[in-house]
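Everything on this sheet refers to the single structure shown next.
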Amino acid sequence: MIGRTLLAASAALALAAPAGAQDFAITNATVATGDGSAPIENATVIVRGGKVVAAGANVQVPAGVPVSDGSGTWVTPGIFATVTDLGLVDVGAVGESNDTAARSSPFSAALDVATSINRRSQHILVSRAAGITRAAVAPSAASSIFAGQGAMIDLGDDPQAIDRPRAFQFVELGETGGRLAGGSRTAAHTLLRNALREASRFGEESGLVGGPSRPAEVSTGDDIPIDPRLVESDAERATDVLLTRFDAAALVPVVAGRQPLYVHVERAADIRSVLALRQEFPRLDLVIVGASEGWMVADEIAAAGVPVIADALTDLPARFEQLASTQSNIGRMQDAGVKVAINAAAMEQPRYLPHFAGNLVALASIPRAAGLSWGEALASITSIPAEISGFGGRLGVLKPGAAGDVVVWDGDPLEVTSAPVRVYVDGVEQPLENHQTGLRNRYRDLDESELPKAYDW
Amino acid sequence: MRAAIRVLLAATATAALAACATTEGSGDSAKSASAYDYPDTPYPSTYQPYPGVPTALVGATVYDGAGGRIDNGTVLFADGKVVGVGGADLAIPAGYTRIDGTGKFVTPGVIDIHSHLGDYPTPSVDAHSDGNEATAPTTPEVWAEHSVWPQDPGFTRALANGGVTSLQILPGSANLMGGRSVTLKNVPSRTVQGMKFPGAPYGLKMACGENPKRVYGSKGRTPSTRMGNFAVNRQTWIDAHEYAAGDRDERDLGKETLAGVLDGEILIHNHCYRADEMALVMDMGKEMGYRVTAFHHAVEAYKIGDLLRENDVCSAIWSDWYGFKMEAYDGIPENAALLYQAGACVVIHSDSENGIQRLNQDAAKAQAAGARMGIQIPDAEVVGWFTLNAAKAMGIDDVTGSLAAGKMADVVLWNGDPLSVYSRPEKVWIDGALMFDANDPQRRPVSDFELGQPGEGDVK
Chain A
276 MIGRTLLAAS
286 AALALAAPAG
296 AQDFAITNAT
306 VATGDGSAPI
316 ENATVIVRGG
326 KVVAAGANVQ
336 VPAGVPVSDG
346 SGTWVTPGIF
356 ATVTDLGLVD
366 VGAVGESNDT
376 AARSSPFSAA
386 LDVATSINRR
396 SQHILVSRAA
406 GITRAAVAPS
416 AASSIFAGQG
426 AMIDLGDDPQ
436 AIDRPRAFQF
446 VELGETGGRL
456 AGGSRTAAHT
466 LLRNALREAS
476 RFGEESGLVG
486 GPSRPAEVST
496 GDDIPIDPRL
506 VESDAERATD
516 VLLTRFDAAA
526 LVPVVAGRQP
536 LYVHVERAAD
546 IRSVLALRQE
556 FPRLDLVIVG
566 ASEGWMVADE
576 IAAAGVPVIA
586 DALTDLPARF
596 EQLASTQSNI
606 GRMQDAGVKV
616 AINAAAMEQP
626 RYLPHFAGNL
636 VALASIPRAA
646 GLSWGEALAS
656 ITSIPAEISG
666 FGGRLGVLKP
676 GAAGDVVVWD
686 GDPLEVTSAP
696 VRVYVDGVEQ
706 PLENHQTGLR
716 NRYRDLDESE
726 LPKAYDW
Chain B
89 MRAAIRVLLA
99 ATATAALAAC
109 ATTEGSGDSA
119 KSASAYDYPD
129 TPYPSTYQPY
139 PGVPTALVGA
149 TVYDGAGGRI
159 DNGTVLFADG
169 KVVGVGGADL
179 AIPAGYTRID
189 GTGKFVTPGV
199 IDIHSHLGDY
209 PTPSVDAHSD
219 GNEATAPTTP
229 EVWAEHSVWP
239 QDPGFTRALA
249 NGGVTSLQIL
259 PGSANLMGGR
269 SVTLKNVPSR
279 TVQGMKFPGA
289 PYGLKMACGE
299 NPKRVYGSKG
309 RTPSTRMGNF
319 AVNRQTWIDA
329 HEYAAGDRDE
339 RDLGKETLAG
349 VLDGEILIHN
359 HCYRADEMAL
369 VMDMGKEMGY
379 RVTAFHHAVE
389 AYKIGDLLRE
399 NDVCSAIWSD
409 WYGFKMEAYD
419 GIPENAALLY
429 QAGACVVIHS
439 DSENGIQRLN
449 QDAAKAQAAG
459 ARMGIQIPDA
469 EVVGWFTLNA
479 AKAMGIDDVT
489 GSLAAGKMAD
499 VVLWNGDPLS
509 VYSRPEKVWI
519 DGALMFDAND
529 PQRRPVSDFE
539 LGQPGEGDVK
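Top line first, the protein sequences correspond to chains A and B. Per this note's numbering, the first sequence starts with residue 276, numbered consecutively. Per this note's numbering, the second sequence starts with residue 89, numbered consecutively.
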């Protein structure tokens with residue numbers, strides 16, 4: 276019964292328009308809506324009450340909405356970065372500042388990054404200044420094939436960073452998974468199956484979602500997912516279980532198909548094995564991450580309707596599971612009908628997303644290569660990751676009703692030479708200052724004739 | 089002590105270098121400088137340019153790498169060498185194959201001053217981890233060329249996607265003195281000798297900061313601190329002076345390398361992130377009688393652009409890698425532009441088998457960051473960041489790095505502006521030989537490793 280109370284209490288809106296959202300219109304700009312279409316010249320974007328109300332050509336700005344002239348600028352939806360570690364790290368190599376992985380934790384699937392996002396991390400501030408307004412944040416697997424539960428966040432300058440906690444579970448099933456599981460892929464698959472069965476049983480016996488005692492709920496995407504770990508249950512468990520009670524509880528929504536399972540695999544054979552999981556666990560809501568050899572099994576991925584968060588420019592056999600990697604991977608998968616977003620984890624920093632997307636456009640002019648059109652490339656870092664993340668039509672796109680995440684660029688946003696000049700999250704203009712801009716301003720010159728640089732701030 | 093070092097310095101200034109390995113490219117001579125004979129240049133380059141045809145690139149925008157730009161330019165090369173660079177009026181001799189570059193761009197071959205291709209090749213398995221001899225804090229005796237695997241598929245990607253024609257392979261940064269670098273032509277070869285850049289000077293990879301003190305401190309050994317880093321370095325240089333001032337009869341691989349540095353024949357490539365440490369390292373060079381040719385990574389170089397200019401030290405940098413380690417926390421995208429503004433030497437480097445495929449884009453990004461803060465840098469200068477400036481810092485600028493008559497015909501024809509994300513190499517020549525052609529599926533190297541495997545010969 277306490278479980279039901281928790282469920283009811285969790286029905287809150289994560290995407291409510293914030294106070295302080297401004298009404299504004301940008302006119303005469305080159306507008307790219309993020310839906311895969313080509314950019315529109317001399318177009319207008321209107322945001323009211325934190326939401327987009329119009330985007331395109333021949334749009335009339337209502338009286339009373341402040342207008343800024345966007346001549347010479349480009350306007351896009353905010354970049355949606357998936358998958359990232361934003362907010363979990365200050366300095367990657369400084370262990371105590373890095374909350375991505377927990378090698379010595381007794382828990383794995385139960386780990387929940389939503390408790391630990393630092394919205395003031397410089398990586399969030401730097402990414403915001405680069406036009407990223409939303410991100411999927413995932414933990415890294417260290418003590419098990421299960422990394423734990425990721426969250427969807429916004430990068431807005433307000434105390435509420437979490438848009439959706441426990442938005443997905445992340446699991447390793449390729450070379451990495453094999454090592455974590457004890458030494459082989461077979462061990463990883465066995466561990467996964469055992470875990471899902473233990474979770475299924477636990478879900479049934481504790482009356483959690485997926486069990487026979489509960490009707491299916493309608494998911495709007497706005498409901499805060501329940502935290503099954505905290506459901507009081509005295510359900511007996513078998514004496515030979517491997518998972519802790521917390522880990523088993525965390526996997527209940529996965530096996531019930533209520534929480535997406537992000538699976539990192541690269542090799543074509545591993546992708547097939549992932550797709551085959553549905554024969555045993557038909558409700559799994561799968562997302563494949565990595566997929567360097569996805570192009571070789573693109574038709575099967577498309578037929579399964581499983582979206583992919585793929586490495587864009589990986590073209591070397593860094594691992595044996597990536598022998599067939601090519602920069603044409605995403606283009607070929609898209610041509611086969613796969614829904615593909617660019618993986619932000621496969622670059623030095625998430626802020627390279629537009630440049631990686633631009634590189635895929637460049638492939639269009641290379642004989643035998645498969646790239647993306649400009650509109651598709653932008654979609655692969657805006658609307659498509661938003662759709663995969665469960666925010667289709669509401670994030671990553673400029674269309675009526677979508678969140679007022681708007682970026683105004685000083686040029687073509689996929690070009691390496693361009694940068695944002697203004698960034699809005701939910702209609703609120705964002706500060707773009709950070710540690711880097713402070714250093715830039717201080718060291719604009721090296722003049723210390725009056726005082727040391729330390730006084731220049 | 090100070091006086092003693094001065095004496096040592098004075099002694100080495102006149103000491104003949106009996107056993108120093110110079111790099112004249114001809115390894116057939118041997119000298120009897122020690123108790124037994126050994127070649128003056130061991131493991132000599134066997135590289136020979138591949139055949140090419142006299143070629144005239146016409147109609148393209150030409151960046152010569154040295155700051156020059158010619159619209160509707162003409163570049164002539166034959167017999168492996170650049171014959172002429174000029175405008176549309178440059179006469180094309182008979183027998184030249186004309187290639188229409190209208191709407192396209194020509195640059196010198198891209199040069200990466202900081203690569204680990206071959207010594208950290210892909211697949212990145214432990215069996216291939218040959219870049220750090222992390223068993224002692226100073227290993228000047230190791231040579232990167234003895235680790236380079238010529239079949240690393242990364243060389244082919246650097247050529248086809250990055251237009252890279254020359255590159256310096258460095259040991260890693262675990263050690264204060266990591267060993268000798270080797271400069272290669274980016275040509276597929278059965279042997280590393282077949283890639284070695286003829287006559288290129290050797291480098292000595294040094295590293296300051298976090299890496300050496302972490303690697304050895306964690307083993308309970310010195311150095312475990314930055315001051316330990318310096319102490320070990322200084323004592324090693326003092327010992328090297330003693331060796332260099334002697335008759336050098338007894339072979340000592342490490343001391344031979346260090347003596348080569350003191351003789352000015354081996355260039356110091358110093359991994360260093362923090363400004364304050366770079367300033368100390370430059371003074372260590374003065375104390376010990378050597379100079380740093382380039383600081384690599386140098387994310388804080390912008391804080392000491394004046395010092396770097398005065399000491400004539402290049403900064404080999406990424407445009408904007410940030411925050412991945414403590415000493416990278418103050419990296420900023422304006423680093424290159426601020427260095428340029430200070431009159432210091434900028435080189436864009438990769439340190440990455442991926443980044444090496446996009447050095448041109450990285451330079452463009454750095455240029456744009458400068459423009460946004462009011463530092464306008466001409467495109468033609470920026471092209472020099474990944475061509476001639478790299479060549480200078482590698483000591484090969486007399487023969488490559490720019491398009492000038494008599495230089496090696498290392499040339500990239502880009503299908504668009506190389507400072508744009510949308511452009512890629514269309515054709516790449518090395519010493520006048522066409523080594524990559526995007527329009528010819530066969531004119532693309534495939535390493536032994538990739539034969540018979542998924543993706544063999546794919547566009548990559």
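C-beta atoms are modelled at their ideal positions from N, C-alpha and C, and glycine is treated no differently.
Residue-level contact by beta carbon fails for A:Tyr699 and chain B, as no gap is shorter than 8 angstroms. DSSP places B:Val349 inside the alpha helix (DSSP H), whose first and last residues are Leu341 to Leu350.
Under the Cβ criterion of 8 angstroms, A:Leu361 is not counted among the residues facing chain B.
The contact set of A:Gln534 on chain B, defined by CB atoms closer than 8 angstroms, is empty, because the minimum CB distance reaches about 31 angstroms. Against chain B, a Cβ distance below 8 angstroms from A:His630 picks out Gln449, Lys453 and Val509.
Taking the Cβ atoms as the reference, A:Gly452 lies roughly 7 angstroms from A:Arg460, within the contact range of under 8 angstroms. Around the beta carbon of A:Val342, fewer than 16 other beta carbons lie within 10 angstroms, which makes this residue exposed. For B:Met283 and B:Ser254, the gap between their C-alpha atoms comes out near 9 angstroms. Taking the C-beta atoms as reference points, B:Gly494 is found nearer than 8 angstroms to B:Lys169. Rounded to the nearest whole angstrom, the CA to CA distance from A:Gly423 to A:Leu561 is 15 angstroms. One finds Tyr390, Lys391 and Leu426 in chain B with Cβ atoms closer than 7 angstroms to the Cβ of A:Tyr718, taken in chain order.
Excluding the 5 residues flanking it on each side, A:Tyr699 has same chain C-beta neighbours closer than 6 angstroms at Gly679 and Val681, in chain order.
By the rule that beta-carbons nearer than 8 angstroms mark a contact, A:Pro727 does not touch chain B.
Within chain B, the residues Pro542 and Gly543 have their CB atoms less than 9 angstroms from the CB of A:Glu568, given in chain order.
Bounds of the alpha helix (DSSP H) holding B:Glu469 are Asp467 to Trp473.
With fewer than 16 other CB atoms across the displayed protein chains lying within 10 angstroms of its CB, B:Arg278 is exposed. Straight through space, the alpha carbons of A:Pro688 and A:Ala694 are spaced by roughly 7 angstroms. Boundaries of the beta strand (DSSP E) harbouring B:Lys293: Gly291 to Ala295, taken from the DSSP string.
Comparing C-alpha distances from A:Ala621 to each of A:Ser379, A:Ser380 and A:Ala587 shows the shortest one belongs to A:Ala587. By the C-beta criterion, the region 368–387 of chain A is judged not to be in contact with the region 322–333 of chain A, since fewer than 3 inter-stretch pairs fall below 8 angstroms. Every beta strand (DSSP E) stretch that sits fully inside the region 321–347 of chain A and reaches 3 residues is listed by chain position as 326–331 and 342–344.
For A:Leu518, the closest of A:Glu473, A:Leu550, A:Pro660 and A:Ile501 by C-alpha to C-alpha distance is A:Glu473. Across the region 597–618 of chain A, CB contacts with chain B closer than 9 angstroms involve Gln597, Leu598, Ala599, Ser600, Thr601, Gln602 and Ser603, in sequence order along the chain. If you look at A:Phe521, you'll find it in the alpha helix (DSSP H) that goes Arg520 to Val530. Under the 8 angstroms criterion on CB atoms, B:Val303 is classed as non-interfacial with respect to chain A.
Listed in chain order, the positions of the region 426–446 of chain B with a beta carbon within less than 9 angstroms of a beta carbon of chain A are Leu426, Gln429, Ala430, Ser440, Glu441, Asn442, Gly443, Gln445 and Arg446. Among the CB atoms of chain B, one or more fall inside 8 angstroms of the CB of A:His398.
Counted as a single uninterrupted DSSP element, the beta strand (DSSP E) harbouring A:Ile617 occupies residues Val615 to Ile617. In the structure shown, the three-state DSSP call for A:Gln397 is helix. B:Asp485 sits buried, since 16 or more C-beta atoms from the chains shown fall within 10 Å of its C-beta. With distances taken between CA atoms, A:Ile301 lies nearest to A:Ser346 out of A:Ser346, A:Lys326, A:Arg504 and A:Ser383. Per DSSP, the continuous alpha helix (DSSP H) segment holding B:Val320 begins and ends at Arg314 to Ala333. Annotated as distal: A:Arg454 and B:Ser212, with beta-carbon spacing of 8 angstroms or more. About 14 angstroms separates the beta carbon of A:Val336 from that of A:Pro675, a gap too long to meet the 8 angstroms contact definition. Chain B has no Cβ within less than 8 angstroms of the Cβ of A:Asp731. Residues of chain B whose Cβ lies closer than 7 angstroms to the Cβ of A:Asn634 are, in chain order, Val509.
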